[in-house]
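Residue numbers (the UniProt record's numbering): 1 to 140. Ideal Cβ placement from N, Cα and C applies to all residues, glycine included.
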Amino acid sequence: RAMGCAFGQAWLPDPFLNGQLAFIKAEVQTLLQQHTWLIAIMMFFVSAMVSSQAATTLILLPLGLALGLPAYALIGSWPAVNGYFFIPVAGQCLAALAFDDTGTTRIGKYVLNHSFMRPGLVNVIVSVIVGLLIGKMVLA
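Here it is, written out as structure tokens:
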């Protein structure tokens, strides 16, 4: 069952992404032109929505470059593309839920209340902060 979930989820974002790519790019570009500091937050939520780090990178980094965002901001914010765990539909999340016989890995009462939430958010937040600091020291 877990293997079926993992393979099914690996192919699921492709039709959604292909059908909505123009809309996603237009909306993201409008928002980034008004508030360029939102690049890291947008990377996180786009990654959660499309369940793909590569697709998120292809959507947002060209926009960041076109808007003239500094290189250290783009590089430092890049760990935020690891937000695919936020909505528990990623293959590895579903596989972990299915493989766990102890019941400690589970989705809580609410969809956004699952075992991967706290460690994932801490990892992304710390990685982005450290990436921005190192990027600023090295590139700015």
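The distance from the Cβ of S51 to that of A90 is about 6 Å, consistent with a contact at the 8 Å cut-off. Under the three-pair Cβ rule at 8 Å, the stretch 27 to 39 does not count as touching the stretch 99 to 108. Per DSSP, L38 lies in no alpha helix (DSSP H) segment and is marked neither H nor E. In this structure, L139 and A71 form a Cβ contact; the two beta carbons are roughly 5 Å apart against a cut-off of 8 Å.
CA-CA distance, K136 to L63, rounds to 20 Å. For S77, the enclosing alpha helix (DSSP H) stretches over residues 71 to 77.
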